[in-house]
Every structure is written in C-alpha cells, then in structure tokens.
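Quick note, the sequences are listed as chains E and V, same order.
For what it's worth, our numbering labels the leading residue of the first sequence as 1, then goes sequentially.
For what it's worth, our numbering labels the leading residue of the second sequence as 1, then goes sequentially.
2 protein chains.
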Amino acid sequence: MEMQYKERSYGGEGRRRRTDLVLRFLAMALTLSAAVILGLNQQSTTVTLTIVPSLPPVNLPVTAKWLHMSAMVYFVIANAIVCSYTAVSLILMLATKGGNKNVSLMITILDLVMVALLFSAIGATGAVGLIGYKGNSHVHWEKVCNVFDKFCHRVAAAMVLSFIGSMAYLLLIVLATFNTYTKF
Amino acid sequence: MEMQYKERSYGGEGRRRRTDLVLRFLAMALTLSAAVILGLNQQSTTVTLTIVPSLPPVNLPVTAKWLHMSAMVYFVIANAIVCSYTAVSLILMLATKGGNKNVSLMITILDLVMVALLFSAIGATGAVGLIGYKGNSHVHWEKVCNVFDKFCHRVAAAMVLSFIGSMAYLLLIVLATFNTYTKF
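Next comes the structure, spelled out in structure tokens:
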C-alpha cells in the first residue's frame, strides 16, 4: 500500500517536472519569437502631402522602426531578458533534476520577476499600440497604423506571442505553488 | 527540545502571518490612493494659439482628464480591482486565521493575477506618460506635460504608489513561496 502510494507520488512528481520543462520551453520559444518579430520590424512607405494648395502634392518617404518608440524598445529588451533567463533556468532544472530545494525556490522567485517584467512590457506596448491604431483626439496624437499597417500587424503578433509566454510563466508559478502546498 | 522547536516554529508562523497582513494592508492603502489620485486627476488651463499671423493670438481653454486616455482608465480600474480584492483577501485571512490550506492556495494564485494586472497597468500608464512628458517626433505626437504640468505630476505620483503596492504583492508571493518551501 505504502509502496503503491510512493510510486504514485513519484509518478506525479515526474509528470509535474515534465509539465514544468514543457511550459519553460514554450515560454522561451514564445518570448524569443516576440523579441525577434518586433526587433526586426520595420516598414518604409510614402505619404502624400499637400503643402501649398496651388502646387501638386509631394510624396514623402517615411519609415516606422521599433527603435522609434521607447515602449517597443522596452518590449524587445524585456522579452530578450525573459528568453535568456528561461534558457538558464531550463539548464539549471535539467542539471539539478528539480531535486535541489534552494535552486527551486530561487527559480520560482525569479519566475515571478519575469511575470512582472513581461506584463509591464505588454502593457506598455499595448497602450502605445492602441494610440497608434486609434489615435487620441484629446492630445492631438494622430493614428499611424493606417499608414504603417504591416508594422502594426507585426506589433500585434509579437504582443500575442509574448502574452501566451507570460501565461505559461503564470502557469509555472501556479504549478510550483500547487506542488508545494499539496506537499504539507 | 521538540517543544522548543515547536515554539520557535509557531513563533515564525505568527510573524509570517503578521508580515502578510501588514503587506496586504499596505498594498490595499497604496492601490486605493493610486486609484483615487488618478481618478480625481483633472487640470484646466489655457493655451495661446496664433491662427492668423496678422491677428492677435487667441486664448483657448483646454482640459486634461484621466478619462481621455485609455491607459489611465485601465490603470484606475486595475488599481480599484486590486484594492477590492485585497480587502476581501484580508477578511478571508483574518476569518480563517491563515490555517485553511485551500484558501491560502487560492489567495496565492489570485495574488499572482493581481501582480500581472498591476504591472500591466503601470507599464501602460508609464508608456503613455513618457510620450506625454517627452513627445515622439517620429510619429509627430507632441508632448503635453509642458501644458498640463500638475496633471502629469499626479500621474507620476499615482504610478509610484501603485508600483510600491505591486512590490508589496511580489513580497507577499515570495513570502508564501518561501514559507511553503521551508516546510518540507
């Protein structure tokens, strides 16, 4: 009976470890994709401007880059940090086989910091992206997504990927918390 | 010897519970203050505009409100949700005296959701606030904090309060994790 319980307990522990590794790998892939998609995002186009009504309109070349907006720079850096940390945590998890209590505790606390970092970056890019998409008449900030459509679509794609990555991180902490709570 | 250990253990548990309650109360007060400061934030002023060079400049009345910016609406709602949840969690913690395992687990998971909510709101308001303070020449979004100085100072104050509140939440989860890890 005790043997059976122990086997079941070890089986549960192994399943939890596999889920942890899969979620971590998923988070790494997603944050890497988000950082690369936004980091390579650039769109050049031309806008037609009428400067003097009596003269024909002028075509002006314009370029949108992630580097032009602080929130997007923060997004790329935050996702790159989370991706690098996830790679290190994966190596640590595999090296210690999840058996070292201090390493597990440190990883859970750092996972939490990553959640904070990712959500603040998603919030920042989301807020700026919304103004880019809809504009804000109160402060006369004109929308830009009607000109830079491809650029905006890629920002949205990077945000969705990063959001799924951050949900994977939330699940990782819930899993760790659930595991430790059910142990005592 | 065993008695001594038990006493020490209960003493540590009591101290942990008091720290938890203090942090929770602090987070509630800070998020409430942040929501109220930004929710009551409004500034009316006049700007001088020269429409036709041959005519004298015109004074135009302008008003800044938190309702004018989606990121700030999100910030007020997020802080109000976190404040309300913290009040409920405080009541639950006092009612169960921290002894119910399922309630503690549920509270830790919801604390985590609050961290995500708060950090996304701080990121969103921070990104919009930075554009308001510095402007963005690439997309021709002019800075507005030179006109609405008091409004911007209050946004910054609300952000600092909310950030300290979210750090209290981070500490709460670290404390809960540390506590459960050291128990097995």
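For each residue, glycine too, the CB sits at the ideal point set by N, CA and C.
For the alpha helix (DSSP H) containing residue i, list its first residue and its last residue.
| i | result |
| --- | --- |
| V62(E) | Where V62(E) is concerned, there is no enclosing alpha helix (DSSP H), although the beta strand (DSSP E) it sits in stretches over 58-65. |
| C145(V) | First-last for C145(V): undefined, no H or E at that position. |
| M69(V) | That residue, M69(V), is in no alpha helix (DSSP H); it is neither H nor E in DSSP. |
| V115(E) | 101-134 |
Residue i by DSSP, collapsed to three states: which one?
| i | result |
| --- | --- |
| V47(V) | strand |
| F178(E) | helix |
Starting from the C-beta of residue i, find all residues in its chain whose C-beta is less than 8 angstroms away, skip the five residues before and the five after it, and write them out in chain order.
| i | result |
| --- | --- |
| K143(V) | I131, G132, Y133, K134, G135 |
| V73(E) | W66, L67 |
| Q42(V) | T63, A64, K65, W66, F151 |
| Q4(E) | Bear in mind that the predicted position of Q4(E) carries a pLDDT of just 49, short of 50, making it unreliable; the figure below should be weighed with that in mind. Nothing listed; no residue qualifies. |
| H140(V) | none |
What does a CB cutoff of less than 7 angstroms around residue i pick up in its chain, not counting 5 residues either side in sequence?
| i | result |
| --- | --- |
| V76(V) | A35, L38, G39, W66 |
| A233(V) | The question about residue 233(V) has no answer here: the residues shown for chain V are numbered 1 through 184. |
| L170(E) | V115 |
| T108(V) | I173, A176 |
| Y85(E) | L110, M114 |
| A157(E) | I37 |
| A78(E) | L117, L118, A121 |
| F163(V) | I122 |
| P57(E) | T48, L49, T50 |
What does a CB cutoff of less than 6 angstroms around residue i pick up in its chain, not counting 5 residues either side in sequence?
| i | result |
| --- | --- |
| L161(E) | L30, S33, A34 |
| S44(V) | T63 |
| A124(V) | A71, Y74 |
| R154(V) | I37, N41 |
| A27(E) | T86, G165, A168, Y169 |
Does the Cβ of residue i have 16 or more other Cβ atoms within 10 Å, making it buried, or fewer, making it exposed?
| i | result |
| --- | --- |
| V128(V) | buried |
| M106(E) | exposed |
| L60(E) | exposed |
| A176(E) | buried |
| R18(E) | exposed |
| D149(V) | exposed |
| G165(E) | buried |
| I91(V) | exposed |
| A95(V) | exposed |
| L55(E) | exposed |
| G126(E) | buried |
| S120(V) | buried |
| R15(E) | exposed |
| I51(V) | exposed |
| S137(V) | exposed |
| L23(V) | buried |
| V88(E) | exposed |
| L112(V) | buried |
| I82(E) | Correcting the residue type first, residue 82(E) is Val in the shown sequence and not Ile. Burial call: buried. |
| T46(V) | exposed |
| R8(V) | In this prediction, R8(V) scores a pLDDT of 48, lower than 50, which makes its location untrustworthy; no coordinate-derived value is stated. |
| T180(V) | buried |
Any heavy atom of the ligand SAM closer than 7 angstroms to the Cβ of residue i?
| i | result |
| --- | --- |
| S70(E) | As for the ligand SAM, it is missing from this structure, which has no ligand bound. |
Selection of the stretch 133-145 of chain V by Cβ proximity to chain E, strictly under 9 angstroms: K134, N136, S137, H138, V139, H140, W141, E142, V144
Residues from the stretch 116-127 of chain E in contact with chain V, defined by Cβ distance under 9 angstroms: A116, L117, L118, F119, S120, A121, I122, G123, A124, T125, G126, A127
Near-chain V residues of the stretch 165-178 of chain E - C-beta to any C-beta below 8 angstroms: S166, L170, I173, V174, A176, T177, F178
Near-chain V residues of the stretch 55-74 of chain E - C-beta to any C-beta below 7 angstroms: H68, M69, S70, A71
Near-chain E residues of the stretch 30-51 of chain V - C-beta to any C-beta below 7 angstroms: none
Chain-ordered residues of the stretch 102-116 of chain V with a beta carbon less than 9 angstroms from chain E: N102, S104, L105, T108, I109, L112, V113, V115, A116
Residues of the stretch 80-91 of chain V with Cβ closer than 8 angstroms to any Cβ of chain E, in chain order: none
Residues, ordered as in the chain, of the stretch 16-27 of chain E that lie near chain V by beta-carbon distance below 7 angstroms: none
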